[in-house]
Structures are given as structure tokens and as C-alpha cells.
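Heads up: the sequence shown is residues 11 to 259, going by the numbering used here.
Here a beta-carbon is modelled for each residue, glycine too, at the ideal position from N, C-alpha and C.
Quick notes on the structure that follows.
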Amino acid sequence: MTRRKRSGCLALLATVLLFAGCRGATEVEPKPGPEGQGERKGPAGQGGAVRATESDREVAKPNQRPVVMGVWIKPDPPTGSEPIQATVRVWDKEGDNLTSQFAWFANGETVEGVEGDVLPPARIKRGDTLKVVVRSSDGKQWSDPREGAWQVVNGPPVITSSPPVTASLKEPLYTYAIAARDPDGDAVTFVLKEGPAGMTVNPKTGQLAWTPDSASLGVKRRAVVAAKDEYGAETTQSFTVTVSVSEKK
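Set out below in C-alpha cells:
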């Protein structure tokens with residue numbers, strides 16, 4: 011065999027061996043980790059595994075309902091002479107915004123048409139048993155109801171009229187018809203507790219009369235009247251009257 015042919019055979023053999031060596035290199039797929047290990051793939055583009063944290067396994071805690079700690083009213087004891095204002099204290103563990111609902115009862119019967127925290131005075135009278143039931147909500151759950159009860163005591167009369175504030179020497183007789191109502195339906199009498207000389211009040215009708223003299227011209231005269239029930243409860247009203255030479259207003 012000539013030297014040229016021998017060189018060609020050697021080159022061909024080297025090429026075959028090189029090709030076989032390249033095909034023998036193969037990729038090996040990584041084996042999965044042992045079963046039961048809490049691993050998950052990381053974000054796209056990042057290698058490695060991310061182990062699960064405790065926060066992944068946390069369960070949301072259930073909401074706890076509010077608790078009504080107490081309910082009060084003002085005035086205490088209540089009367090039928092003025093509005094009754096209820097006040098409530100509520101505790102909420104999560105510190106949520108709270109709304110409260112009120113229900114009023116007189117002698118065990120629902121007071122119809124009253125839903126807020128104020129009870130109008132005309133809805134109760136002396137001797138009634140007043141009760142208010144309160145519950146509060148955090149927007150998710152209602153509290154258990156809480157109630158308070160009180161005995162309605164005697165209420166004083168309420169003066170419902172307003173006096174004239176001027177008098178005139180040209181019209182010498184000054185008059186004022188005092189009007190009052192009693193929340194318990196008691197009889198009302200009227201009394202002049204303070205006033206200028208000559209001023210009088212009819213105890214049954216409440217008619218007040220006064221004839222001012224020239225010494226009262228330009229002077230503010232103070233008067234105090236009272237409406238009293240048969241149990242001694244009373245309400246007073248004070249006012250001043252200014253005397254002028256012109257016609258009264």
C-alpha cells in the first residue's frame with residue numbers, strides 16, 4: 011500500500027472514532043426528591059426549590075361577635091316629663107366599627123315606632139316598668155342581647171306656654187295665661203314664686219295679671235311662676251317684663 015493511501019485510511023478512521031465519542035455523551039434528567047418533602051418550584055426563571063413556610067399553612071381565625079357590657083339611661087330614674095336617652099358600652103376583640111339596635115318596652119309591651127336610643131317622654135307614665143333591649147353588630151355578627159329595666163317615677167308638670175315680654179302704660183293690664191301638662195295625668199296648680207308688687211296668678215286656671223305703674227317704666231321686672239302636681243313635683247318658669255309707654259308687643 012502506498013504512503014498516500016495509508017494516510018487517507020488513518021484520517022477516515024479518526025473521523026469515525028470522533029463521531030462515536032460525541033454520540034456517547036447523553037443528558038441525564040435529575041431525579042425527583044424523596045416523596046413527602048415540602049418543596050415547590052421557584053418563580054419562573056429562577057432555579058432551585060422553595061420550601062413551604064408556616065404562613066402557607068396558617069388558617070384565618072374566625073371573627074368573634076361583639077359583647078354588650080352594659081346599658082344605662084338618663085335620667086335615672088326615668089319620668090314621663092323628658093326624653094329618655096340610652097347609652098351602651100360594647101367590646102369587640104377585633105376593634106371593628108359597631109352599630110347598635112335598641113328596642114323599648116313599657117309594661118312588657120313594645121313601644122311602637124321607636125327604634126333609636128331616645129324614647130319620647132309622652133310614651134311612658136308614673137308606675138310603668140320601662141325596659142330597653144340592646145344588641146350590637148360588627149358587620150359580620152350580632153352580639154347577644156343585653157337589657158336594662160327601671161321603674162318610672164312621678165314626673166313634674168311641663169309648662170308649654172311662653173309669656174309676653176313687654177307691657178305698656180297705655181294698656182295697663184298685663185296678662186299671661188300659663189299652660190302646663192302633667193305626664194301622669196295629675197291635676198296641676200299654679201303658683202307665683204316671684205314677681206313685682208301687684209302681680210297675681212290664679213292657682214287653678216294659671217291666669218297671671220299685673221298692672222304696672224310709672225315706677226316700672228323702662229325697668230325689667232322679673233317673675234317666676236311654677237306648675238305643681240298633687241305629689242309636690244313642680245316645674246318653674248322665669249321671665250322678665252319690660253314696661254314702656256308705647257303699645258306692648
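Asked, Found
"Local Cβ density within 10 Å of Thr170, reported as buried at 16 or more and exposed below that", "exposed"
"C-alpha distance - Lys41 paired with Arg75, whole-angstrom precision", "A caution first: Lys41 carries a pLDDT of 48, below 50, which makes its placement in the model unreliable, though a value can still be read off. Roughly 52 angstroms between the two C-alpha positions."
"The stretch 185-196 / the stretch 215-222 touching (three or more Cβ pairs under 8 angstroms)", "yes"
"As assigned by DSSP and simplified to three states, the class of Ser224", "helix"
"Coarse secondary structure for Ala189, derived from DSSP in three states", "coil"
"Meets three-Cβ-pair contact criterion under 8 angstroms: the stretch 219-237 and the stretch 135-153", "no"
"Burial state of Met209 (16 or more Cβ within 10 Å)", "buried"
"6 angstroms CB neighbourhood of Ala219 in its chain, flanking five on each side removed", "Thr185, Thr210"
"Residue span of the beta strand (DSSP E) that contains Glu244, given as start and end", "244-254"
"C-alpha gap between Ala297 and Thr139, whole angstroms", "Because the chain is modelled from 11 through 259, residue 297 falls outside the range shown and cannot be assessed."
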